[in-house]
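Protein chains in written order, with our numbering: chain U, 148 to 599; chain E, 19 to 503. Each remark here refers to the structure printed beneath this line.
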Amino acid sequence: MSGQHYLPLTDPVRQEMLASVGAASIEDLFLDIPSSIQLTRELDLPPYLSEPEALAHLRHLAAKNVNLEDYTCFLGAGAYDHYIPSAVRHLTHRSEFYTAYTPYQAEISQGILQAIFEYQTLICQLTGMDVANASLYDGASALAEGAVMACGATGKKNVLVSRGINPQYRQVLKSYLEVRGLELSEVPLAAGGQTDLDEALSRIEQDPETAALLLQTPNFLGIIEKPGHLADTLQQHGTLLVVSVDPLSLPLLKTPGEYGADIATGEGQALGNPLSMGGPYLGFLAARENLLRRLPGRIVGETRDASGRRGYVLTLQAREQHIRRERATSNICSNQALNALTAAVYMALMGPEGMKTVAEQCLQKAAYAREQICALPGYELIFPGVHFKEFAVSVPGNPEQLNEFLLQHGIIGPLDLEQTYPDLPRSALFCVTEKRSKTEIDTLARLLEGWK
Amino acid sequence: MNAAFPLLFEKGRPGRKGFSLPPCDVPLKPLEELLPRECLRKSHLDLPQLSEPDVVRHYTALSRRNYGVDSGFYPLGSCTMKYNPKINEDVAALAGFASIHPLQGDPTYQGALELLYKMEQCLKEITGMERYSFQTVAGAHGELTGLLMILAYHRSRGEERNRVLIPDSAHGTNPATVAMTGCEVLQLPSNDRGLVDTETLKAHLDEKTAALMLTNPNTLGLFEKDILEISRLVHEAGGLLYYDGANLNAIMGHCRPGDMGFDVVHLNLHKTFSTPHGSGGPGSGPLGGTTQLEPYLPYPVVAKDEDRYSLDYQRPRSIGKVHSFFGNFGVVVKAYTYIRIMGARGLKQASDDAVLNANYLLNRLKDLYHLPYKGPCKHEFVLSARLQKKRGAGAGDIAKALLDYGIHPPTVYFPLIVEEALMVEPTETESKETLDHFIAALKEIAAAIEADPGKITGAPFSTPARRLDEVLAARKPVVRWKKEQ
Ligand SMILES: Cc1ncc(COP(=O)(O)O)c(C=O)c1O
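In structure tokens, the structure reads:
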């Protein structure tokens with residue numbers, strides 16, 4: 148029988164149990180299903196596989212994919228190829244963590260509760276914010292939840308969205324916001340590639356119903372936004388500043404806390420999570436203290452046990468769907484806890500120096516690659532703004548063909564920008580992380596130079 | 019007081035390192051040249067400083083203060099805490115799955131697309147839907163997206179319908195989801211058998227009805243046997259039927275939501291299809307639709323043309339996107355592996371055993387604890403500890419007492435329509451000995467409450483932490499560590 152190794156009941160035991168419940172056969176327990184919809188045939192699924200056969204089948208499928216262990220990756224655009232220390236997987240794959248569920252029973256879940264409490268703290272330290280939740284689905288939904296929070300907190304309905312925000316995030320924002328009658332409008336980019344903040348401010352001055360301004364920094368095109376004293380001005384208008392940030396930029400870059408953001412969100416994949424074709428990742432969301440009770444999702448808090456010892460529990464649950472139902476701050480239930488644990492383990496291993504090293508190497512290596520590439524004839528940097536690990540370049544041909552060419556040479560090339568920014572034809576977004584070596588960058592530059 | 023289990027932050031020591039990276043090999047530029055001062059972080063990055071062994075000991079110690087399915091019985095109702103096969107973890111970690119970039123392009127991940135396509139074929143067959151999207155990563159995420167599809171469908175027909183019906187036994191995510199779509203929630207009282215009452219339903223259906231959201235079997239573990247009548251009524255009123263797939267584990271190979279008349283379905287791969295719950299996630303909540311509804315699924319969907327697979331973005335009626343990229347691919351890999359190992363007969367056997375285990379427990383426990391809704395049940399059932407509560411120890415206390423037996427308690431205080439609810443879902447991956455141990459424990463606890471409820475209200479006694487004060491945590495929230503001033 149298929150899958151029998153997962154099923155401890157044996158036929159004699161099944162018979163004994165059926166007798167004990169007074170059923171003649173297992174079918175007796177399914178008589179409440181109307182006969183007209185009872186399946187009288189077996190499901191038409193592929194034949195079952197034994198464990199070694201399943202492994203062979205899945206290895207075969209996996210082998211059909213170009214993977215980043217064999218290829219050199221210069222692609223980012225929301226998912227990043229950073230080094231993952233060995234210890235990360237070993238620790239997150241302790242089965243007491245990964246086979247548990249939401250820690251409703253705190254007395255036997257102190258392990259994950261403490262780990263999430265530490266995760267919340269690490270996110271606060273990294274972003275400079277006061278409080279953080281226990282994770283959301285991904286960076287896109289975290290930004291959407293942040294925008295919804297801002298509307299709730301201000302009682303306003305209009306949201307300004309920078310065109311520098313990841314196009315996929317903007318699509319998710321649309322799905323989450325429009326259905327509840329919240330309005331999105333886009334703020335254009337200035338010539339330097341950064342959001343036109345003057346334009347944003349004049350829109351806010353004209354529209355007192357603006358709940359929030361949403362920025363991404365570094366933005367999708369790789370440019371670091373300079374909010375300056377923007378937050379103060381926004382505050383005068385009762386508008387919140389909600390940002391989406393790259394967590395690995397924050398060891399170097401001004402933090403959301405420092406420039407006065409009200410809500411800081413982001414994609415946490417880069418913190419130790421493998422690329423896995425786009426998921427599972429995690430969204431983080433941190434905020435100022437006064438927004439604590441508006442946070443979506445789980446939050447872990449400190450308390451005491453009956454013997455007076457420090458311990459941790461899920462807290463402020465009156466915000467959540469299982470208590471508040473249609474008045475909850477969000478419907479989120481299952482989240483990305485194991486990915487949050489992964490992010491915490493990663494940060495614990497890297498420490499301040501490791502995190503800074505990664506950020507600095509991204510910065511230096513991307514700068515080197517930018518210089519090498521943009522010195523080539525036909526390649527030109529599109530935006531003069533300040534960059535971190537990604538940069539947009541106009542290329543002397545069709546980026547899709549360029550990528551086919553690079554792939555033949557073992558390189559996963561840049562993102563074709565034209566698909567999402569039609570006003571940027573023949574342009575590509577390169578990403579360079581700390582994992583890329585000088586040799587790899589030089590090889591890339593040589594190939595680009597030779598590409599016809 | 020903190021000595022036994024210090025936080026990472028209390029363990030850090032200046033100068034310790036837990037990472038190893040090569041030096042930067044490109045010519046270095048002065049930082050000021052790359053980043054103007056106004057862009058620089060000013061505050062000190064105050065993360066803890068630990069060596070690798072420090073970190074490994076820390077998390078190993080934490081893991082020992084945690085309890086998973088691998089630790090023991092975990093009959094947490096509505097969550098399907100079945101065994102998580104080890105091969106799933108190995109497969110998802112293969113470089114050809116774990117180390118692929120979501121944007122590297124269709125030709126470079128034909129194997130991944132083929133897997134998604136094959137998985138979609140399996141889920142279509144198991145549920146009787148026409149097409150699936152894998153973008154939704156949890157049940158609640160599927161609910162939200164499914165409602166967006168339903169609203170878009172009505173709008174495409176020129177109808178503004180904004181009321182969603184849900185039974186009062188429904189999970190909290192159902193009403194919370196409805197609110198997120200700006201629709202109105204109309205809660206249907208269940209009848210005395212714990213089911214949707216067709217007369218009540220009829221009375222609440224009108225031209226405002228967008229949908230009925232239903233879990234079947236429902237959260238009491240009972241099959242909505244009037245489902246065909248329910249489906250007819252909702253559709254005649256112009257509404258649609260949404261299937262919350264949390265309880266699919268009861269009926270695989272027996273019947274299918276599509277045949278019951280559901281229009282949109284989400285599944286929880288982290289329940290029915292054995293992927294681990296990760297202490298709260300990640301899950302995966304694939305969303306399926308009938309021929310009428312599938313055009314509204316989030317884009318892209320996977321397409322097959324002869325031997326080539328691709329991501330199809332040309333979906334003019336799609337509701338758009340609800341997640342970056344294609345959802346929790348790594349979780350789908352695990353669930354696909356499980357389905358291939360189980361096959362059609364294995365999945366049906368899983369449902370059979372899940373239902374048999376639940377009925378066995380129900381029968382043996384119904385004389386110890388009040389059973390508000392009669393069986394036979396499907397994969398789970400709900401007891402009420404109201405008699406015990408009268409004596410001084412309620413469902414929450416019983417849950418804590420079970421911890422001292424090394425058992426994870428059932429879900430408590432849900433569904434809301436059962437007073438002092440204990441919601442028990444054993445799953446098919448438990449042996450009769452385990453069930454008997456659970457019965458014995460609940461019997462002793464019931465007897466203890468008869469004799470001296472005070473013994474139970476103090477539980478647990480043998481766990482890594484004693485009972486924790488949730489009221490204190492909520493009254494003065496401390497949600498992060500801070501350096502003592
Ligand atoms: C009946 C029911 N519906 C919906 C959900 C929500 O699923 P998820 O946690 O995957 O969002 C659950 C989860 O426990 C459930 O039991």
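Glycine included, every Cβ here is placed at the ideal spot set by N, Cα and C.
Given a threshold of 16 other Cβ atoms within 10 Å of its Cβ, counted over all protein chains shown, does residue i qualify as buried or as exposed?
i, result
"G557 (chain U)", "exposed"
"R382 (chain E)", "buried"
"I410 (chain U)", "buried"
"S117 (chain E)", "buried"
"K13 (chain E)", "The requested residue 13 (chain E) does not occur in the structure, where chain E is confined to residues 19 to 503."
"I470 (chain U)", "exposed"
"A469 (chain E)", "exposed"
"T412 (chain U)", "buried"
"R484 (chain E)", "buried"
"R188 (chain U)", "exposed"
"H397 (chain E)", "buried"
"P71 (chain E)", "exposed"
"T580 (chain U)", "buried"
For a test of the three-state rule: what should DSSP assign to residue i, helix, strand or coil?
i, result
"R161 (chain U)", "helix"
"N20 (chain E)", "Any reading at N20 (chain E) must be qualified, since the residue scores a pLDDT of 47, below 50, and its modelled position is unreliable; the value itself is stated next. If DSSP states are grouped into helix, strand and coil, N20 (chain E) belongs with coil."
"M270 (chain E)", "coil"
"F91 (chain E)", "coil"
"F152 (chain E)", "coil"
"T78 (chain E)", "helix"
"Q205 (chain E)", "strand"
"E414 (chain U)", "strand"
"M441 (chain E)", "strand"
"V295 (chain U)", "helix"
"N214 (chain U)", "coil"
"V436 (chain E)", "coil"
"A477 (chain E)", "coil"
"S256 (chain U)", "strand"
"L422 (chain U)", "coil"
"F244 (chain U)", "helix"
"G150 (chain U)", "coil"
"H376 (chain U)", "coil"
"A279 (chain U)", "strand"
"L49 (chain E)", "helix"
"D454 (chain E)", "helix"
"N486 (chain U)", "helix"
"R451 (chain U)", "strand"
"A469 (chain E)", "helix"
"S249 (chain E)", "helix"
"Y284 (chain U)", "coil"
"G225 (chain U)", "coil"
| field | Proximal residues, the stretch 197–226 of chain U versus chain E, C-beta separation under 8 Å | value | S197, E198, A201, L202, H204, L205, R206, H207, L208, A209, A210, K211, N212, V213, N214, L215, E216, D217, C220, L222, A224, G225, A226
| task | Return the chain-ordered ranges of every beta strand (DSSP E) run that is complete within the stretch 514–581 of chain U and spans a minimum of 3 residues. | result | 537–541, 574–578
| query | What residues in the stretch 392–404 of chain U have a beta carbon less than 8 Å from any beta carbon of chain E? | reply | Taken in chain order, the members of the stretch 392–404 of chain U whose beta-carbon sits within less than 8 Å of a beta-carbon on chain E are L397, P398, L399, L400, K401, T402, G404.
| field | Sequence ranges, alpha helix (DSSP H) only - wholly within the stretch 301–374 of chain U, length at least 4 | value | 314–325, 344–353
| task | Would you list, in chain order, the members of the stretch 241–268 of chain E that have their beta-carbon closer than 8 Å to a beta-carbon of chain U? | result | F241, K243, I245, L246
| request: Give me every residue whose Cβ sits closer than 6 Å to any heavy atom of ligand 1, in chain order. | output: U:C480, U:S481, E:S96, E:C97, E:A156, E:G157, E:A158, E:H189, E:T191, E:T233, E:T237, E:D262, E:A264, E:N286, E:G301, E:G303
| message | Which complete beta strand (DSSP E) runs does the stretch 300–352 of chain E hold, if anything under 3 residues is left out? | response | 305–307, 319–323, 326–330
| Cβ-based contacts, 9 Å cut-off: residues of the stretch 340–354 of chain U near chain E | none
| task | Taking a Cβ distance cut-off of 8 Å, strictly less, list which residues of the stretch 473–484 of chain U are near chain E, in chain order. | result | If the cut-off is 8 Å between Cβ atoms, the stretch 473–484 of chain U has E473, R474, A475, S477, N478, I479, C480, S481, N482, Q483, A484 near chain E.
| query | In chain order, what residues of the stretch 320–349 of chain E put their CB closer than 7 Å to some CB of chain U? | reply | I337, G338, K339, V340, H341, S342, F343, F344, G345, N346, F347, G348, V349
| task | Note down, one range per segment and in chain order, each beta strand (DSSP E) of at least 3 residues found wholly within the stretch 178–240 of chain E. | result | 181–185, 202–206, 227–233
| field | alpha helix (DSSP H) runs contained entirely in the stretch 357–411 of chain E, provided each spans 4 or more residues | value | Taken in chain order, the complete alpha helix (DSSP H) segments of 4 residues or longer contained in the stretch 357–411 of chain E are 404–409.
| request: Give the residues from the stretch 179–198 of chain E that approach chain U closer than 7 Å (Cβ to any Cβ), ordered along the chain. | output: G190, T191, P193, A194, T195, V196, A197, M198
| task | Can you give me, in chain order, the residues of the stretch 77–92 of chain E that have a beta carbon less than 9 Å from any beta carbon in chain U? | result | Y77, T78, A79, L80, S81, R82, R83, N84, Y85, G86, V87, D88, S89, Y92
| Within 9 Å of chain E by C-beta, residues of the stretch 267–287 of chain U in sequence order | Q267, T268, L269, I270, C271, Q272, L273, G275, D277, V278, A279, N280, A281, S282, Y284, D285, G286, A287
| field | Against chain U: residues of the stretch 42–63 of chain E by CB proximity under 9 Å | value | C42, D43, V44, P45, L46, K47, L49, E51, L52, L53, P54, E56, C57, L58, R59, K60, S61, H62, L63
| task | Using a Cβ-Cβ cut-off of less than 8 Å, give me the residues of the stretch 554–578 of chain U that come near chain E, in sequence order. | result | Those residues of the stretch 554–578 of chain U placed with their C-beta closer than 8 Å to a C-beta in chain E are L554, I559, L562, ordered along the chain.
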